[in-house]
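Comments concern the structure below.
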Amino acid sequence: MNRLTQPANQHKAIAVILVAFVLLSTTYSVVTPIFEAPDELQHYFFVQHLADGEGLPVITGPVPDIQAEVHQPPLYYTLGALVTFWINTGPLTDFVWHNPHAQIGVPTASGNVNMVVHSAEESFPYRGVTLAVHLVRLLSVLMGAATVLATYCIARQIMPQRPHPGPPPTLREGAEGLAIGAAVINAFNPQFAFISGTINNDNLVIVLFALAAWLLVVLARREVSRGRLILLGLVIGLASLTKLTGLMLLPLAAVVLGVVALHRQRLISFVGWMTIVSIVALAVGGWWYARNWLLYGDPLGMKIMAILFRTRVYRPSLLELLAEFKGLRMSFWALFGWFNILAEPWLYLAFDGLALLGAVGLLLLVFKQLRGEETLSWPWLLFLLLWIAVVLAGLVRWTQMTRASQGRLMYPAISAISILLFTGLAQWVPRQAVMSLAGILGLVMLAIAVISPFRYIAPAYARHVLSIAEGPPLLSETNLEKIPNPMAITFDDQIKLLGYEVGRETVRPGESLDVTLYWQALAPMERNYSVFVHLLDENDLVLASQDTFPGQGTYPTRLWRAGDAIADVYTIAVPPTAFTPSSAQLEVGLYEFDSGKRLAVYGSQGESLGDNVRFHRIEVLPHAGSDPSTGSGRSVPNPVRFNFGDQIALIGYALEGRAVGPGEEIHLTLYWEALAEIERDYTVFTHVLGERDRIWAQVDSQPQGGAVPTSTWNQGQVLMDEYHLLVEPDTPPGVYDIEVGLYLPATGERLGLLDEAGHWIDSRVLLTKVRVKGS
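So the mapping is simple: my numbering equals the position in the sequence shown, first residue as 1, plus 20.
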């Protein structure tokens, strides 16, 4: 009876997982506002382009950002067009309001997480563009479910149920539990559920990778038939028509079929097998690459990608690539929106711990095998590792071209990762408890995944409202009478500044200042105006600022109704490098983002104030607490802490000549601390930088003019280092950055700037700004 009911129970388990995943991913799809996922707007543009009957695009030069994905192979977008062609969407550019201040890829941002502005047009019942987006998202959800099913099937093929009693190999014991465990890790990964609920061609290439891997496992375990080879070629061809990554299935297939041929002593057959696979793949997807060759002289389209994407100006070092691993790791599990909505830190620690337990468990399994305690299926372990390595190699190559270290780019190997991870975790429990472990882990991960959209995603877009009044809080007549610091400043007879409130009277470098502005719309507006709030020092240099649409990007002025009044909070982050002490003043204005044109400002009596209004003094104080000492008992001015390669720290600076004329001198004093014994002599570079990093003043020298080379420093030693930067006589008036760093003179290699966790973040420090006055 037990053997008869076991298969039914197994099918019930995976069916429950699949239903739960579809509901989960659909929840993410509904909760996440449209176009608030990586590149979703650009992916949807291609879908609508095909749905409108425009055909495949031909790229002749730089294109608007909204068209950045039109170079991609077209299969995913064609499927999306087939399910949406009947919808009357209208021009996409008329529907989308971009947020020019969106903090894309900035997970620490306090606002402006929205890529676009959202309105009541997106509310249920869906229609137009919103309906089309949600239908394509649902198609992606089904692709994600197919990936989960493929993960389960691959695990069962690799670890089949034992056919008879007796001591089985380790990977065959509890095989169903291992397959279910791999499926729940895949299905209930919050980030996978999120990505599967968005428009992205990754969703199709992921399932095609998993399907191709399953076919390879079947071919390795059973007869290599012509039909199966044709099916494998078809899947690889479809993958190559989905994304360039799909081509990497060919070398993976070649290795697996080569090993199968070697094991079965049929090496001659290998050539025939690969010929069948390659011909079918070429017949399905080859036309796309031939088209690229004819149009662009480049079958892979790499030249086109260089036009469409911001490529790196130099090849990153290994240290830089490792620094990006942190973002890759976090975004594999839970980093939502446009790479800018974080979960709590403990969640990443939990997933790190899970991954560590799995990795150590795999090592234990290998160790037991080497001691003869277990029988390990080495070929399948190596196959899964090779699968991951192939995808990782593609990611590394892409990351060398552009900054794109996102966890979803490893999802073509998510089946292999999930199987290996749970196999490792299973080593920590008795064999008979593997299914229980899968159930417990599945429930915990499902709970986290269910909570995440409501805890992290929905609040981030909370004011993306379903009605026009749900922006920042509207003020009643009673509230208007209670506005602190009342004013009556008008901006081009469209907006009135009624008053303001400041959260604190003093601020220090590294701290934030909240400023509440009370606005009232005087008339309907046809444009979305940006607000700027500056903290200006005595030299009219901007110490800190925020530029944003009202409502932190969610309530632009086109949504305002005449007479409405709102309270809007602006958070001004003072950089750690801010020059102190300073008596600063607030400056506020509005402008058109595209043209930069500011609105005219008028006082309460109608007098012209120019293009801004200034008010309220804020004292910017030096860092609090015990400042570092130079060793002579004097405190270091403007204390900072910038770690260069765990060898040298910049701990402070002083500056004389923050407002100079062309041909005049800026006196910069740097304070260094030796963090370790330094073996090499580094040169310090100090630059005055203008637009496009044009250098207008420069001194490169070993510390103290070469008198104290870094190789002579003792650990813990603090050194004062002076530089006189002569501004070029033809320097135009404006605001300039002070750039500082260190490099090896023999090679020009810069010493990397590290964050608190030791990750590379840059190769320079930008200190305070200086002003060059007109001659």
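Heads up, the beta-carbon is just placed ideally off N, CA and C, and yes, glycines get one too.
- A direct Cα-Cα distance of roughly 34 angstroms separates ASP741 from LEU606.
- For the pair of segments examined, the region 726-746 was found not to touch the region 776-784: the number of CB pairs separated by less than 8 angstroms stays below three.
- Assignment of alpha helix (DSSP H) within the region 107-148, counting only whole runs of 4 or more residues, yields 112-115 in chain order.
- The Cβ-Cβ distance between MET455 and PHE208 does not fall below 7 angstroms.
- With at least 16 other beta carbons inside 10 angstroms of its own, VAL149 counts as buried.
- When C-alpha distances from THR98 are compared across GLN572, ASN220, VAL83, the shortest belongs to ASN220.
- About 4 angstroms separates the beta carbon of SER45 from that of VAL161, a gap short enough to meet the 8 angstroms contact definition.
- Inter-residue distance for LEU282 and TYR96 is about 36 angstroms (C-alpha atoms, whole angstroms).
- By the neighbour-count criterion, in which 16 or more other beta carbons inside 10 Å mark a residue as buried, TRP366 falls on the exposed side.
- Judged by beta-carbon spacing, PRO84 lies beyond the 7 angstroms limit of TRP358, meaning their Cβ atoms are not closer than that value.
- Each of ALA433, LEU374, ILE408 was checked against the Cα of GLY444, and the nearest Cα belongs to LEU374.
- For PRO365, the enclosing alpha helix (DSSP H) stretches over residues 365-390.
- Spatial neighbours of GLY321 in its own chain (CB-CB distance under 6 angstroms, excluding positions within 5 residues in sequence) are listed in chain order as HIS91, ASN312.
- Segment contact: the region 226-241 against the region 273-287, three or more CB-CB distances shorter than 8 angstroms; contact assigned.
- Apart from sequence neighbours up to five positions away, the residues of its chain that approach PRO127 with a beta-carbon distance below 6 angstroms are ASN360, LEU362, ordered along the chain.
- DSSP places MET740 in the strand class (E or B) of the three-state scheme.
- Distance check between LEU690 and each of GLN625, THR295, LEU787 places LEU787 closest, using alpha-carbon atoms only.
- For the set PHE511, MET135, ALA458, the Cα lying nearest the Cα of ALA620 is the one of PHE511.
- Fewer than three beta-carbon pairs drawn from the region 624-640 and the region 574-586 are found closer than 8 angstroms, and the two stretches are therefore not classed as touching.
- Classified as exposed, ILE288 has fewer than 16 neighbouring CB atoms from the shown chains inside 10 Å of its CB.
- Beta-bridge analysis with DSSP links ALA679 to ARG791.
- Rounded to whole angstroms, the gap between the alpha carbons of PRO399 and LEU43 is 36 angstroms.
- Secondary structure note for GLU546: it is in no beta strand (DSSP E), with a DSSP letter that is neither H nor E.
- Under the 10 Å beta carbon count, GLN572 is surrounded by 16 or more other beta carbons and is classified as buried.
- Counted as a single uninterrupted DSSP element, the beta strand (DSSP E) harbouring ASN663 occupies residues 662-664.
- Its chain contains SER49, GLY217, THR218, ILE219 as the residues whose beta carbon lies nearer than 7 angstroms to that of ARG157, once the 5 sequence neighbours on both sides are disregarded; these appear in chain order.
- Measuring C-alpha to C-alpha distances from LEU261 to each of VAL291, ARG248, LEU224 identifies LEU224 as the nearest.
- When TYR590, GLY100, ARG524 are compared, the shortest CA-CA separation from VAL551 is found for TYR590.
- Ranked by Cα distance from ALA199, the first of ILE34, GLU684, LEU348, ARG714 is ILE34.
- Around the Cβ of PRO529, a 10 Å sphere holds 16 or more other Cβ atoms; the residue is buried.
- Taking PRO506 as the centre and dropping the five residues before and after it, the same chain places the C-beta of GLY519 closer than 6 angstroms to its C-beta, in chain order.
- Counting along the chain, the unbroken beta strand (DSSP E) around SER628 starts and ends at 628-630.
- Excluding residues up to 5 positions away in sequence, THR443, GLY444, LEU445, ALA446, GLN447, TRP448 lie with their Cβ nearer than 8 angstroms to the Cβ of GLY381 in the same chain.
- Residues GLN722, PRO729, THR730, SER731 of the same chain have their beta carbon placed closer than 7 angstroms to that of ASP701, with the five preceding and five following residues left out of the count.
- In the DSSP assignment, VAL449 falls outside any alpha helix (DSSP H), carrying neither H nor E.
- The residue from VAL535, THR171, GLY772 with its alpha-carbon nearest to that of GLU521 is VAL535.
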